[in-house]
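Step one of this worksheet: look at the structure below.
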Amino acid sequence: MQRKTFLKSLIGAALLASTAPAAFAQEGEPIKIGEINHYKRMAAFAEPYKKGIELALEEINAEGGVLGRPLEFIFRDDQGDPGEAIKIAEELMTRDGAVMLTGSILSNVGLAISSVAGEKKWVYLAAEPLADAVTWSAGNAYTFRLRTSTYMQAAMLAEAAAKTDAVKYATIAPNYAYGKDAVAAFKEVLTKLKPDVEFVAEQWPALFKIDSGAEVQALERAKPDAIYNVTFGTDLAKFVRDGNTRGLFDGRTVYGLLSGEPEYLEPLGGEAPEGWVVTGYPWYDFTEADGANKVFVDAYQAKWNETPKIGSLVGYMAAESIAAAITKAGSTETEAIRAAFEGLPVETPVGQITYREIDNQATMGAFVGKTALKDGAGVMVDWTYLDGADYLPSDEEVKKLRPAD
Amino acid sequence: MGLFFAQLLTGLANAGALFMVASGLSLIFGVTRIVNFAHGSFYMLGAYVGYTLMQVLPGVVGFWGAVLLAGIIVGLIGVIVEICVLRPVYSAPELFQLVATFGVILVIQDLTLMIWGAEDLLGPRAPGLKGIVRIMDEPVPQYDLALIAITPFVAFALWYLITKTRVGILVRAATQDREMVGALGVNQSWLFTGVFFLGCALAGLGGAVQLPKGGADLLMDFNILTSVFVVVVIGGMGSLPGAYLAAVIISVLNVFGVSYMPKSTLVLMFLVMVVVLMFRPFGLFGREEVAGEHGQVGEPERPIKPAGLKIRLLVAAALVLLGLIPVMGSNFAVVLVTDILIFCLFAASLQFMLGMGGLVSFGHAAFFGGGAYVAALFVTYAHTPMELALILAPLGAGLAAVLIGWVCLRSTGVYFAMLTLAFAQLLWSLVFQWGDITGGDDGLVNIWPSAWASSNMVFFYLTLVICAGGILLLRHAAHSPFGYALRAARDSSRQAEAMGINTKRIQWVAFAFAGAMAGVAGGLFVFSKGSVFPNELEIARSFDALIVVFLGGVKTLSGGWVGGASFEATKDYLTRFEYWRLALGLLIIAVVILAPEGIVGSLRKLGERTGILNNAEDKR
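In order, the protein sequences belong to chains V and D.
FYI, UniProt numbering numbers position 347 of the first sequence as 347, with every residue one higher than the one before it.
FYI, UniProt numbering numbers position 446 of the second sequence as 446, with every residue one higher than the one before it.
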């Protein structure tokens with residue numbers, strides 16, 4: 001070999017060696033998504049959610065990933081503390097190389113991440129938080145929300161309530177922002193649809209510290225025609241038990257926000273209330289006719305050997321949304337992802353949803369139906385899926401609710 | 001009239017479980033002087049164990065057998081905890097054991113999650129007591145009536161045990177003067193263990209007996225803790241009839257509150273406590289705490305002295321190293337250290353009050369969160385610039401401390417601690433409830449530093465200067481005449497008074513000063529996070545600070561910030577793992593047992609033993 005060619009090839013090899021790993025890294029290195037949640041503090045909700053994400057990731061990566069690279073989530077526990085979540089967000093974005101953030105179940109943590117995302121220009125998909133403020137009063141250009149908001153779900157129940165003869169309503173809701181929003185939205189929509197309704201009692205038990213006997217007595221005292229329930233978790237269990245024992249629900253229709261979700265209905269077992277009108281997730285009823293819904297439920301049960309919760313669905317849809325956004329963006333740059341989310345259509349188990357340009361809220365809907373007992377367990381019957389797009393205020397109102405971007 | 005009576009019955013039924021748990025806590029405190037934070041965890045264990053037993057044991061006998069067995073099993077778990085965790089640290093400074101019980105909480109939380117899973121368990125109904133009885137035409141659940149009947153029985157059995165038996169005599173004697181009991185030849189360790197068994201068994205019983213009214217879930221430990229403390233304090237620490245009366249008062253008032261003031265659910269209990277302690281500073285049936293122990297437990301405390309040259313050089317070097325972090329470390333290191341610095345100042349402010357003043361506050365978060373909210377509110381509503389907001393934060397927090405201190409300092413010891421807790425909780429519920437102004441639990445968002453300080457690096461230097469300065473200022477105050485007077489008031493208020501020191505006023509000033517310094521930390525916190533939520537006023541935040549002060553070493557000058565830095569850094573590392581609470585809990589327990597004088601105290605000893613540091617005695 002001549003000396004010249006040897007040198008040339010050496011230089012060539014050196015160049016190749018220095019560039020190859022970089023190109024290689026781009027090719028095969030996973031796209032990382034930072035996922036912050038309360039895995040310990042709210043384990044019953046966070047675990048199914050995480051499993052939903054993992055199922056979606058498996059499917060996405062089996063089909064070649066996103067932009068030819070595998071998609072990966074980094075799961076971090078924030079102890080349910082907003083300050084902690086912000087610190088972790090910083091770490092995920094600046095040290096761990098995450099391209100965007102998602103996560104949180106609690107609304108306050110979601111709002112904290114959303115605030116820091118808006119300031120530091122990071123994309124944040126609030127998958128689970130329900131608070132209306134996430135996309136409205138505290139909304140910003142970088143925060144998107146997947147799940148059907150408090151307002152939308154309350155509006156669905158109010159619509160059902162307006163069709164009945166009941167005039168005197170009593171409400172019971174946990175004494176914090178979610179409960180207050182849920183009652184305000186229900187009142188607003190119901191009063192608009194049926195101006196002669198009257199609210200005869202409002203009960204505000206402290207979250208997870210309900211004194212159910214006393215609450216039931218107070219509701220009974222007001223003699224309402226119907227009851228609107230926002231309590232959930234252990235509060236719901238105690239409320240239902242005491243209400244059943246003392247006959248509060250006899251001859252009254254109860255509207256239960258989220259009460260039909262498996263997270264809340266399953267622990268009640270054979271004591272689940274009958275005949276409540278609720279929003280929830282009737283995964284057990286899906287047939288071939290429900291298409292993608294059924295496919296998801298089957299795949300979830302096959303992978304995890306347990307039944308899905310609403311959190312499983314939300315987690316699955318969050319990962320799908322993120323994959324769709326990055327694919328549409330064609331890059332992992334923040335601005336490209338943010339722009340891709342605007343008006344993004346996503347095919348999901350519940351059908352196509354769109355991330356609205358006007359307020360970054362997805363049009364995911366909810367299943368509304370009646371509760372019943374079947375084989376000693378609470379289920380939803382006569383349910384329908386209502387599209388979220390139909391239960392949002394008009395564009396003018398939304399513009400008023402949202403600060404200018 | 002019928003409804004009124006039915007509501008009264010509901011209140012009485014609710015009082016049942018509350019009384020059992022509270023009486024256990026009261027007994028344990030009375031005899032061992034341990035503020036058992038883990039008492040709620042034993043209550044939770046009682047519910048879970050009871051639930052499992054009820055699945056196995058059938059019928060009426062099985063149900064009540066399960067309740068009793070749950071009590072015994074939880075009592076035995078309590079014995080294990082007492083022997084393994086608490087016995088080694090009885091001779092540590094007062095209240096140090098509460099750190100150990102905090103570790104126990106974390107361990108039990110993770111173990112419960114491992115064993116029983118995350119899903120809430122709905123308690124089975126009591127066989128034979130599933131229906132209702134109509135009293136004056138109002139439905140009353142049969143199980144409520146059973147509870148109303150059982151509780152006085154348990155109370156009576158306890159009363160008999162305490163007043164009529166030899167064990168009871170010993171327990172009462174130990175409550176009054178445990179050193180004398182020891183001097184008279186009673187085996188104190190077994191007395192303590194026995195009382196711990198009884199107390200935990202009562203908590204377990206309370207957990208199991210409430211199953212038909214609720215169930216078992218992973219949040220119930222913290223959820224009952226505050227109510228139990230409130231009941232014990234209203235009744236008077238160590239008093240059983242007091243605990244019973246207080247449980248009834250709280251439960252009954254709560255039922256009427258729910259009916260006639262539905263929004264009062266968050267504050268009612270604490271208002272009652274403040275009112276009771278205003279008029280009876282030692283609870284309804286409590287007795288004034290005997291003027292301290294005979295001397296202090298553990299080693300006599302050393303006089304504090306200014307840091308030696310070596311230490312000064314070390315601190316200067318550490319500060320220089322900290323200053324280099326933005327240059328050397330990653331962006332995240334800057335953010336993490338900013339967080340830690342802020343927490344250190346918060347902890348140091350509590351350390352000043354606790355270590356120098358002997359004022360144990362369970363509600364120091366009121367001033368941290370208070371400062372944070374003052375800054376956030378000014379920015380949100382008056383568009384105050386950051387610089388001004390950072391000055392207003394300590395002023396606001398200090399003002400709050402002046403007011404709260406004025407009320408709280410009427411009490412002493414544990415009662416003082418509980419009053420501070422009550423005020424922190426009142427402030428929390430004010431912020432939580434007053435959504436129109438404070439945003440409720442949706443908080444206040446988009447509060448960012450001024451443009452010049454908006455980069456992480458500049459804000460880091462700002463934080464470093466303010467926090468290091470604040471900690472040095474607190475240290476300086478400890479060496480000033482004011483600091484000497486404060487320590488005099490702590491060690492012997494009678495002699496201090498005789499020397500012409502107005503002890504109450506000195507303590508009041510110290511309380512306000514510590515509050516203002518916590519407010520500085522709170523102000524910085526808001527701008528570092530960009531938002532603030534009621535979490536910053538929560539009891540958990542107060543406990544965080546309390547734990548690190550004890551971990552760092554309550555009888556040292558620098559325990560606060562050293563404990564804060566080590567705790568936060570460890571937590572940041574551990575939360576990356578699945579069972580981090582278990583690991584953190586075990587670590588805390590290990591530190592408590594191995595370093596009963598706190599990290600600083602034990603390091604200093606080690607340093608002296610190995611000759612790196614000069615012993616204070618040698619210098620004289």
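By construction, the Cβ of each residue, glycine as well, lies at the ideal position given by its N, Cα and C atoms.
At a cut-off of 7 Å between beta carbons, Asp81 (chain V) contacts chain D. Rounded to the nearest angstrom, the Cβ distance from His39 (chain D) to Leu25 (chain D) is 5 Å, consistent with a contact under 8 Å. Within the segment 177–206 of chain V, the residues whose Cβ lies closer than 9 Å to any Cβ of chain D are, in chain order, Ala177, Tyr178, Lys180, Asp181, Ala201, Glu202, Gln203, Trp204, Pro205, Ala206. The C-beta of Trp452 (chain D) has fewer than 16 other C-beta atoms within 10 Å across all chains shown, which makes the residue exposed. Under the Cβ criterion of 7 Å, Leu68 (chain D) is not counted among the residues facing chain V. The DSSP-derived three-state label of Asn293 (chain V) is helix. With a threshold of 7 Å between beta carbons, Asp211 (chain V) makes contact with chain D. Inter-segment contact for the segment 389–399 of chain V and the segment 223–238 of chain D is absent: fewer than three beta-carbon pairs are separated by less than 8 Å.
Excluding the 5 residues flanking it on each side, Glu263 (chain V) has same chain C-beta neighbours closer than 7 Å at Ala44, Phe45, Lys309, Ile310, Gly311, in chain order. Residues of chain V whose Cβ lies closer than 8 Å to the Cβ of Ser531 (chain D) are, in chain order, Pro82, Ile86, Leu111, Ala112, Ser115, Val116. Taking 9 Å as the upper bound on Cβ-Cβ separation, chain V lies near residues Asn254, Val255, Phe256, Gly257, Val258, Ser259, Tyr260, Pro262, Lys263, Ser264, Thr265, Leu266 of the segment 253–278 of chain D. With a cutoff of 7 Å on beta-carbon distance, Pro282 (chain V) and Phe367 (chain V) are scored as near each other.
Counting only runs of 3+ residues, no beta strand (DSSP E) is found wholly inside the segment 35–89 of chain D. Chain V places no beta carbon closer than 7 Å to that of Glu608 (chain D), leaving this residue out of the contacts.
The secondary-structure analysis by DSSP pairs Ala170 (chain V) across a beta bridge with V:Ala201, V:Ile227. For Arg581 (chain D), the chain V residues whose Cβ falls inside 7 Å of its Cβ are Lys40, in order along the chain. Three or more beta-carbon pairs separated by less than 8 Å are not found between the segment 269–279 of chain V and the segment 288–301 of chain V, which leaves the two stretches without contact. Here the segment 31–48 of chain D lies against the segment 81–99 of chain D, with 3 or more beta-carbon pairs under 8 Å apart. By the C-beta density criterion, Pro403 (chain V) is exposed, having fewer than 16 other C-beta atoms within 10 angstroms. Beyond the five residues adjoining it in sequence on each side, Gln79 (chain V) comes within less than 8 Å, by CB distance, of His38, Lys40, Arg41 in the same chain, given in chain order. Per the C-alpha coordinates, the member of V:Thr253, V:Asn175, V:Ala162 positioned closest to Val230 (chain V) is V:Asn175. For chain V, the residues of the segment 331–350 of chain D that bring a beta carbon within less than 8 Å of one of its beta carbons are Asn331, Phe332, Val335, Leu336, Asp339, in chain order. Across the set D:Phe378, D:Gly65, D:Gly199, D:Arg287, the C-alpha of D:Arg287 shows the shortest separation from the C-alpha of Asp177 (chain D). Using beta-carbon distances, Asp225 (chain V) does not count as an interface residue toward chain D, since no partner is under 7 Å.
Contact annotation for Asp144 (chain D) against chain V: Gly213 [CB-CB distance below 8 Å, chain order]. Secondary structure at Lys310 (chain D): helix, using DSSP grouped into helix, strand and coil. The residue from D:Lys555, D:Trp448, D:Met261, D:Leu18 with its alpha-carbon nearest to that of Ala478 (chain D) is D:Lys555. With a threshold of 7 Å between beta carbons, Arg145 (chain V) makes no contact with chain D. Taken in chain order, the complete alpha helix (DSSP H) segments of 4 or more residues contained in the segment 176–203 of chain D are 178–183.
Under the Cβ criterion of 7 Å, Gln425 (chain D) is not counted among the residues facing chain V. Exclusion of the five residues before and after Glu497 (chain D) leaves Thr503 as the residues of its chain whose Cβ lies within less than 7 Å of its Cβ.
In its chain, beyond the 5 residues on either side, Leu268, Glu271, Pro273 have a beta carbon closer than 7 Å to the beta carbon of Val240 (chain V). Not one beta carbon of chain D lies nearer than 7 Å to the beta carbon of Glu54 (chain V). In the structure shown, Arg33 (chain D) falls within a coil segment according to DSSP collapsed to helix, strand and coil.
Annotation: Trp190 (chain D) to Glu538 (chain D) spans about 37 Å, alpha carbon to alpha carbon.
Per DSSP, Val123 (chain V) lies in no beta strand (DSSP E) segment and is marked neither H nor E.
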